[in-house]
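If you read the sequences in order, they're chains L and V.
Yeah, the first sequence ends on 323 if you go by this note's numbering, and it's all consecutive.
Yeah, the second sequence ends on 439 if you go by this note's numbering, and it's all consecutive.
By construction, the Cβ of each residue, glycine as well, lies at the ideal position given by its N, Cα and C atoms.
For reference, the structure is listed below as structure tokens.
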Amino acid sequence: MFRYILRRLLQMVLAFFGTTLIVYALMFAGQGDPIQALAGERPVTAAQRAYLTEKYHLDATGVGGFFYRYFDYVKSLLQGDLGQSLTGRQIGDILQAAWPVTVKLALIALAVAIIFGVTAGVVAGIRRASIFDNSTLVLTLLVLGIPTIVLAPLAQYLLGVKWQLFPPTAGSQPTFYALLLPGIVLGSLSLATALRLTRTSVAENLRADYVRTARSKGLVKRRIVTVHVLRNSLIPVVTFLGVELGNLMSGAIITEGVFNIPGVGFNLFRGIRTEDGPLVVGIVSVLVVVYLVSNLVVDVLYAVLDPRIRYE
Amino acid sequence: MSDFETVAASENQAARRGPSGEPGTPNQVGAPHKPRSLAGDAWRDLRRNPIFWISLTLVVIFTLMALAPGVFTANNPNDCLLSRQHAGPSGGAIFGYDFQGCDTYSRAVYGTRASLLVGALAALGTGIIALVVGMLAGYFGRWVDAVLSRVIDVVLGIPLLLAAIVLLKRVSSDSTSARIAAVIFVLAILGWTTAARVVRSSVITAKEQDYVAAARMLGAGNGRIMWRHILPNSLAPAIVVLTIALGSFIAAEATLSFLGIGLKSPTISWGQDIDTGRIHMREAATPLIVPSAFLALTVLAFIMLGDAIRDAFDPKLR
Chain L
12 MFRYILRRLL QMVLAFFGTT LIVYALMFAG QGDPIQALAG ERPVTAAQRA YLTEKYHLDA
72 TGVGGFFYRY FDYVKSLLQG DLGQSLTGRQ IGDILQAAWP VTVKLALIAL AVAIIFGVTA
132 GVVAGIRRAS IFDNSTLVLT LLVLGIPTIV LAPLAQYLLG VKWQLFPPTA GSQPTFYALL
192 LPGIVLGSLS LATALRLTRT SVAENLRADY VRTARSKGLV KRRIVTVHVL RNSLIPVVTF
252 LGVELGNLMS GAIITEGVFN IPGVGFNLFR GIRTEDGPLV VGIVSVLVVV YLVSNLVVDV
312 LYAVLDPRIR YE
Chain V
122 MSDFETVAAS ENQAARRGPS GEPGTPNQVG APHKPRSLAG DAWRDLRRNP IFWISLTLVV
182 IFTLMALAPG VFTANNPNDC LLSRQHAGPS GGAIFGYDFQ GCDTYSRAVY GTRASLLVGA
242 LAALGTGIIA LVVGMLAGYF GRWVDAVLSR VIDVVLGIPL LLAAIVLLKR VSSDSTSARI
302 AAVIFVLAIL GWTTAARVVR SSVITAKEQD YVAAARMLGA GNGRIMWRHI LPNSLAPAIV
362 VLTIALGSFI AAEATLSFLG IGLKSPTISW GQDIDTGRIH MREAATPLIV PSAFLALTVL
422 AFIMLGDAIR DAFDPKLR
């Protein structure tokens, strides 16, 4: 177990440096004169130039200098210092205000996926090839195939603007009700995948030997399904939902943008629109870390649940 | 990230939790049947599958639309008059006019070309990278496999949308071809991992076959064995994955254009039109609904087509 975690951790560290290096190389390196870029049209005095060169280690040139500055960037990222956006606000402050909203939205989406996806998946898995099973398969294919940029605006238009069942946008202090529709839109994709996974897994386990044994012992079907089959079937689903929580927290850019939810994704959306380079880089760097860590946690969790993984 | 999940990718996500070094990641053609009878069986299955015919028809229609948009609409998509803003249907404009006074239907028809071009070329690029990496890793095994598999793990760990945003923000050129090339490059460089795993596992299966041993005994070198014997036999599963990937690349391009960092005007793309339509949805809904329907149908057609073919080749998954 320890060896597995260690290996997985090393892999994550590699991915972390790989991604941040790409982010850094693309955003900061190779610009003409960074000091002039910072100052814009205004002239830069020699003293200011010397100060900035000293502060950002710009005197070191070549590959060595590049890595010097890259590690500066990683260091401040790890210390939580993300710098300022072009509007002058601390990016850390923006994120601090945005995280609770994003987490709330992600939890709603996850709840939708669990309640509807897993339940329908179990039913579809037990009644394979029934009308219910076939219609859920077609429905999930539709949901998986329709991109969020179609789903979110259409849901907003039909349910929010036309039939007015939900508030079309969330506003600065979103209530639970205002987050419900975006949560469903965001969760629909995870719902469809969770449903398919549960269905396949339940259907497979129903044919396992231990189910036949249980049946020949004379156990009632309800007990076989709830105790024997479900426990074994839910392992891949739990893993998937764990990965999904990480994805949902970092991947709500479109949904938050469309529904005006002041979360992390919305700030990234706005940063892209307003060409706010530092804001985009800051948020992307943080989201990458969140994504990597949540993947790691899930992998470790999976190894705990399923011993076969760690004895590789 | 969620926007880029395809059926394959999201199902694989659970699959990839499995032991990463294990050959034969699920969702692949497993047992070594006789190739001809397998293809024959698959074709018999496919012929009776209505989803296959529906999606194939849609794919053919959209391909024709991309090649010759003039056949489907007589109106010029760039003929825009503000005086016609949100006007109702008239003349050839069966869905009326959008915010800029352009023909909504005509714009959707002309938008097909950019989407399919990006999707197809990104899938092609993905296929080439995946074939090379998967073939080397699967055929040579040992340290080559170890290194390449870790590279795949790392690239798979990069969130696609976030990385695409950073990469595309770097492209400052606004010229049509430069932007299209940039989007294709970004999607291919980030999206090849799933296909590479599929190729790798089918190469591992193929290289243990008797005909490979026979070819080696006859004195064939590694290059010839890979090119003439293993490649043809591991191509089919890769093509299925790439069909599904094509659909998801189209969705990805639309998402990036929607965000304003993918294709830009004057290129007509569904993603941009959906964004404009979304902003003005209270005044008129058709400029939102028409490109949305085109995009959703195209993506669905490719994903369903790939799904149907995969089901036919691997009935175990059903």
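Residue 311(L) at chain V interface by Cβ criterion, 9 Å | no
Got a sec: which bits of the region 369-384 of chain V sit with their beta carbon under 7 Å from any beta carbon on chain L, in order along the chain?
-> The region 369-384 of chain V vs chain L, Cβ under 7 Å: 372, 375, 376, 379, 380, 381 and 382.
Return the CA-CA distance between residue 429(V) and residue 361(V), expressed in angstroms with no decimal places.
-> 9 Å
Put residue 175(L) into one of helix, strand or coil per three-state DSSP.
-> In the structure shown, residue 175(L) sits in coil (DSSP, three-state: anything other than H, G, I, E or B).
Beta-carbon contacts of residue 128(L) that lie in its chain and below 6 Å, excluding the five residues immediately before and after | 202, 205 and 206
In the region 154-171 of chain L, which residues sit with their C-beta less than 7 Å from some C-beta in chain V, listed in chain order?
-> 155, 156, 157, 158, 159, 160, 161, 164, 165 and 168
Grab the span of the alpha helix (DSSP H) containing residue 261(V) for me, first residue to last.
-> 225-261
Using alpha carbons as the reference points, say which of 409(V), 376(V) and 399(V) lies closest to residue 283(L).
-> 376(V)
Quick one: residues in its chain with C-beta nearer than 7 Å to the C-beta of residue 179(V), no 5 flanking neighbours on either side, listed in chain order?
-> 418 and 422
Opening and closing residue of the alpha helix (DSSP H) in which residue 361(V) lies = Run containing residue 361(V): 352-380, per the alpha helix (DSSP H) assignment.
Given that residue 284(L) touches chain V, what residues does it touch there, using C-beta distances under 7 Å?
-> The answer, in chain order, is 381.
Tell me, please, whether the CB atom of residue 188(L) is closer than 9 Å to any CB atom in chain V?
-> no
Listed in chain order, which residues of the region 16-35 of chain L have Cβ atoms closer than 8 Å to some Cβ of chain V?
-> 22, 23, 25, 26, 29, 30, 33 and 34
Work out the CA separation of residue 433(V) and residue 340(V) for me, nearest whole Å.
-> 36 Å
Measure the C-alpha to C-alpha separation of residue 269(L) and residue 179(L) and round it to an integer number of angstroms.
-> 9 Å
List the whole-angstrom C-beta distance separating residue 308(V) from residue 251(V), where the pair is believed to meet the contact cut-off of C-beta under 8 Å.
-> Residue 308(V) to residue 251(V), Cβ: 13 Å. No contact.
When burial is assigned at 16 or more other CB atoms within 10 Å of the CB, is residue 23(L) buried or exposed?
-> Its Cβ being crowded by 16 or more others within 10 Å, residue 23(L) is buried.
Within the same chain, show all residues whose beta-carbon is closer than 7 Å to that of residue 32(L), passing over the 5 residues directly before and after it, in chain order.
-> 81
Does the beta carbon of residue 84(L) come closer than 9 Å to any beta carbon on chain V?
-> no
Nearest-angstrom Cα separation, counted from residue 332(V) out to residue 166(V) = 28 Å
Chain L within 9 Å of residue 438(V), Cβ atoms only | With a pLDDT of only 49 at residue 438(V), under the threshold of 50, the placement of this residue in the model should not be trusted; the figure read from the coordinates follows. Yes - at least one Cβ of chain L is within 9 Å of the one on residue 438(V).
Which chain L residues sit within Cβ distance under 8 Å of residue 286(V)?
-> 279, 283, 291 and 295
To the nearest angstrom, report how far apart residue 236(V) and residue 102(L) are at their CA atoms.
-> 35 Å
Compare the C-beta of residue 290(V) with all C-beta atoms of chain L and state if any pair is closer than 9 Å.
-> yes
If you draw a straight line from the C-alpha of residue 145(L) to the C-alpha of residue 158(L), how long is it?
-> 22 Å
Three CB pairs or more closer than 8 Å across the region 169-183 of chain L and the region 93-108 of chain L = no
Excluding the 5 residues preceding and the 5 following residue 142(V) in the sequence, name in chain order all residues of the same chain whose CB lies nearer than 6 Å to its CB.
-> Caution is warranted here: a pLDDT of 39 is assigned to residue 142(V), below 50, making its placement in the model unreliable, and no coordinate value can be reported.
Which residue's Cα is closest to the Cα of residue 250(L): 182(L), 313(L) and 107(L)?
-> 313(L)
Length of the line joining the Cα atoms of residue 307(L) and residue 276(V) | 15 Å
Applying a beta-carbon distance threshold of less than 9 Å, which residues of chain V neighbour residue 306(L)?
-> 278
Closer than 7 Å by C-beta to residue 127(V): which residues in its own chain qualify, once you throw out the five before and the five after it? Chain order, please.
-> For residue 127(V), the pLDDT reaches just 41, beneath the cut-off of 50, and the residue's location in the model is therefore unreliable, leaving the point undetermined.
Chain V beta carbons: is any one of them nearer than 9 Å to that of residue 115(L)?
-> False, the Cβ-Cβ gap to chain V never drops below 9 Å.
To the nearest angstrom, how far is it from the Cα of residue 210(L) to the Cα of residue 168(V)?
-> 26 Å
Should the region 212-221 of chain V be regarded as contacting the region 192-204 of chain V, the criterion being three or more beta carbon pairs within less than 8 Å?
-> By the C-beta criterion, the region 212-221 of chain V is judged to be in contact with the region 192-204 of chain V, since at least 3 inter-stretch pairs fall below 8 Å.
In the DSSP assignment, what are the bridge partners of residue 218(V)?
-> 224(V)
Sufficient close CB pairs (3 or more, under 8 Å) joining the region 269-286 of chain V to the region 295-311 of chain L = yes
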